[in-house]
Amino acid sequence: MFRSTGPRLTVSLFPLLLPLFFMTALARAEVPLDPHIEALISRMTSEEKAGQLTILQDEFRNTPPGVNPEFKRRQISELLADVRAGKVGALFNGQGVTLGREAQRIAIEESRLKIPLLFGADVIHGFRTVFPIPLAEAASFEPELARRTARVAAIEATAAGIHWTFAPMVDIARDQRWGRVAEGAGEDVYLGKLFAAARVRGFQGDDLRAEDSLLATPKHFAAYGAVTGGMDYNTVEISQQTLREVHFPPFQAAFAAGALTAMSAFNDINGVPASGSYWLQTQVLRGEWNFRGFVVGDYTADLELIRHGYAANGSDAARIALAAGVDMSMHSGLYISELPKLVAAGELPMAVLDQAVRRVLYVKKALGLFENPYRSLDANREANQIGLPAHRDLAREAARKSVVLLRNERNLLPLDKAAHIALIGPLGDDRKNLFGPWTLFGLDENSVTLKQGLINAGVTRLSVEQGSEIETALEGGIEAAVAAAKNADVVVLALGEGERMSGEAQSRTSIEIPAPQQALAEAVAATGKPLVVLLSSGRALALKGALRDADAVVANWFLGGEAGNALADILLGTHSPSGRLPVSFPFESGQQPYFYNHRSTGRPVVPGETTEFKTQYREARNAALYSFGHGLTYTTFTYGEVTLSAPSLPWDGGLQVSARITNTGARDGEEVVQLYIRDRVASITRPVR
Ligand code: NOJ
């Protein structure tokens, strides 16, 4: 058992214990002492220190609405006055060089200590050029692709006056009801680690001081993906074993790749809110892992300690969060209002404040902001490095590689471009749902719908019918769709979730396609025409009826600005699909959380044995319709004999596994070679794969 004590101990004990915590933290990994930073700290008032630990929404540069719950929106003049007074050290979710330079000018010319501002933003899957959602990119099984798209996102975001992204999200997501599955790399730890590291390397590049380096933030530390019932923000009950085997490794991989900030999670873990957990934010992060950057709390997460029932009031919440190791407070304003008073009252040692400031200034310095406060605020770059054709080419490549072909009976795909295609469904000619959640800076008008993509690819006999809205029926929609289907050679049915059905606060009780779209699919399937189903979603789905049984089924997630062109590339066979599922598609919603690498139980279903009294549901086997790793191509591959470099695998060594893989089909294709192992007998039970 781990100790979940830390700053949660009663208030009376707190002043006694805090210096002790602080000393433990100091004895562990810390930022190196820097004379310039120490000199600054020695001159700072406690208000100025709290200011460096405060990030506020960037009203000055137009924060897009609806991203976070509305809370204390400030007037622009108020915000700039705070910058001048040194009461804020960072701004987030604004963009633009001209105003960014002005805010920075105020900070470095008009504030007393002239400490530069840090500009953060949610740059999750692209900036102006929108790439597939992270879950989709994970389906490429190609971390290098994620590195490249993160690099381009960094080039564009830093050209628009942003230094720091709140990404990658590295939460392992094993419950598809959770809406934020869309933002990560799925259910598998190994894939999650590879993508976490690749994205950090892509965002930050080789040199943090470079103009186009975007500071990365692995989030949400920790176990946010393990919320009970898949309901966002919910409580987490989890074993130490699962935390360390499943939820921590992607963070460790991201830090090993050089990430210098982390974001604390909203959820509690076994009764202790992550954003108030000294064990998590200090003992594990710094003590065990030698993390040397700073931790930013998620949006108002410090304030939320009150509603968690873990802090009595704002003062208590600010003290607990800072002492836990949450160095920067996002948007609540609690640190600026409470920390100076706490220090003055002797309830918080100044040294604790100093340490957090030291970490923040260290990262600002690592980015080169002291020497070059106008880094990433270059109007020339803003005019010339955003939305370039090469970036769009990459978006198309990434989108293509994110597509997973789930089923292809009688090789219905690829289609002949001379065929008469009926494109049916609410997502066939829809521009509003291509990007997916968390795109603050993309422009809809630049994106390519599926209809446009097919036309661009030379399809001339195309009928388009919407058939249904995403969540409601469309009057006469089904009749028109059925008529179009009857007249066509083949039907392409583009449906699924709308982009606002996944992402933050978008947990679902059922992971099926909305009923009006299911009804549309049934009616269209009943025409008997060859049917290709294209599924948009930010999670794995439970497919039913015509959607499950269609001749061809494609998981296309949310593919970003080049979605239509990329889908046309796949549908018409210019490229073979190569994606693999990063999340398992279950038979039923009620199987959640289902993930492929579950443990065995003592009564697993074993082929050839009775299925009575075994681990399964009445309605579904303990298996997936399409498991993690599944995905077809347009060609066939054969695997030659597998050879091992040694007869056994040493516990601390490696083993080389080789096989010759041959494309035996008629088309080019890419195979994602996967190898799973199982530890059959161990001192604790192990996953089946
Ligand atoms: C809340 C989300 O949980 C987090 O991922 C995001 O970075 C912040 N809001 C800032 O917008």
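Its first residue numbered 1, the sequence shown is counted upward by one per residue in the numbering used here. Virtual Cβ for every residue (Gly too), placed ideally from N, Cα, C. Computed from a prediction, not measured in an experiment: that's the story for all the values here.
Residue range of the unbroken alpha helix (DSSP H) whose run includes residue i
{"i": "F203", "result": "189 to 204"}
{"i": "S264", "result": "Not the alpha helix (DSSP H): S264 falls in the beta strand (DSSP E), residues 261 to 264."}
{"i": "G453", "result": "450 to 456"}
{"i": "T98", "result": "97 to 105"}
{"i": "G496", "result": "Careful: G496 lies outside any alpha helix (DSSP H), inside the beta strand (DSSP E) at 490 to 496."}
{"i": "V83", "result": "76 to 84"}
{"i": "A254", "result": "249 to 256"}
{"i": "S337", "result": "334 to 344"}
{"i": "A90", "result": "It is not in any alpha helix (DSSP H) - A90 instead sits in the beta strand (DSSP E) that spans 90 to 92."}
{"i": "G314", "result": "314 to 324"}
{"i": "G297", "result": "Taken as a continuous stretch (DSSP letters only), G297 belongs to no alpha helix (DSSP H), being part of the beta strand (DSSP E) at 294 to 297."}
{"i": "A366", "result": "350 to 366"}
{"i": "I155", "result": "143 to 159"}
{"i": "H630", "result": "Segment: none, H630 is in no alpha helix (DSSP H) and carries neither H nor E."}
{"i": "Q385", "result": "Premise fails: Q385 is in no alpha helix (DSSP H) and is neither H nor E."}
Nearest-angstrom Cβ-Cβ length linking residue i and residue j, presumed shorter than 8 Å
{"i": "K193", "j": "P250", "result": "5 Å"}
{"i": "L415", "j": "I421", "result": "7 Å"}
{"i": "L53", "j": "V360", "result": "6 Å"}
{"i": "Y278", "j": "A50", "result": "Not a contact, Cβ separation roughly 20 Å."}
{"i": "A317", "j": "L305", "result": "4 Å"}
{"i": "Y617", "j": "Q591", "result": "7 Å"}
{"i": "I424", "j": "L474", "result": "Incorrect: roughly 11 Å between the Cβ atoms, too far for contact."}
{"i": "L135", "j": "W557", "result": "6 Å"}
{"i": "M330", "j": "T300", "result": "7 Å"}
{"i": "D232", "j": "F166", "result": "That pair is no contact at about 16 Å."}
{"i": "P577", "j": "V404", "result": "7 Å"}
{"i": "G631", "j": "L581", "result": "6 Å"}
{"i": "E156", "j": "F127", "result": "4 Å"}
{"i": "I570", "j": "V357", "result": "That pair is no contact at about 51 Å."}
{"i": "K486", "j": "T460", "result": "At roughly 19 Å, the Cβ-Cβ gap does not stay under 8 Å, so K486 and T460 are not in contact."}
{"i": "G640", "j": "A659", "result": "5 Å"}
Contact test: residue i Cβ vs the ligand NOJ heavy atom, cutoff 8 Å
{"i": "F166", "result": "yes"}
Unbroken beta strand (DSSP E) run spanning residue i, endpoints
{"i": "R407", "result": "404 to 408"}
{"i": "Y639", "result": "637 to 639"}
{"i": "Q52", "result": "Premise fails: Q52 lies in the alpha helix (DSSP H), 46 to 52, not in any beta strand (DSSP E)."}
{"i": "T662", "result": "661 to 663"}
{"i": "A422", "result": "421 to 424"}
{"i": "G120", "result": "118 to 121"}
{"i": "L214", "result": "Careful: L214 lies outside any beta strand (DSSP E) and carries neither H nor E."}
{"i": "V532", "result": "531 to 536"}
{"i": "V482", "result": "Element bounds for V482: not the beta strand (DSSP E) but the alpha helix (DSSP H), 477 to 487."}
{"i": "A552", "result": "552 to 555"}
{"i": "Y626", "result": "624 to 626"}
{"i": "V464", "result": "462 to 465"}
Nearest residue (CA-CA) to residue i, options the options
{"i": "I661", "options": "Y676, T643, L369, R678", "result": "T643"}
{"i": "E409", "options": "A563, D122, E59, L531", "result": "L531"}
{"i": "F60", "options": "T439, G94, A540", "result": "G94"}
{"i": "P687", "options": "K401, A566, P604", "result": "P604"}
{"i": "R105", "options": "T228, K364, G184, L80", "result": "L80"}
{"i": "E110", "options": "E38, A103, R84", "result": "R84"}
{"i": "E522", "options": "G503, L214, A550, Q75", "result": "A550"}
{"i": "E102", "options": "F127, A138, D58", "result": "D58"}
{"i": "A692", "options": "G496, G202, F595", "result": "A question about residue 692 goes unanswered here, because the residues of the chain that appear run from 1 up to 689."}
{"i": "D393", "options": "E562, I455, S502", "result": "E562"}
{"i": "V673", "options": "Y634, L342, G579", "result": "G579"}
{"i": "T685", "options": "T601, S658, S140, D82", "result": "T601"}
{"i": "G545", "options": "R539, D302, G333, V533", "result": "V533"}
{"i": "H220", "options": "D207, A383, H247, E78", "result": "H247"}
key: Heavy atoms of the ligand NOJ versus C-beta positions, residues under 7 Å   = V67, N68, F92, N93, D122, F166, M169, K219, H220, M263, F266, D298, Y299, M330, E504
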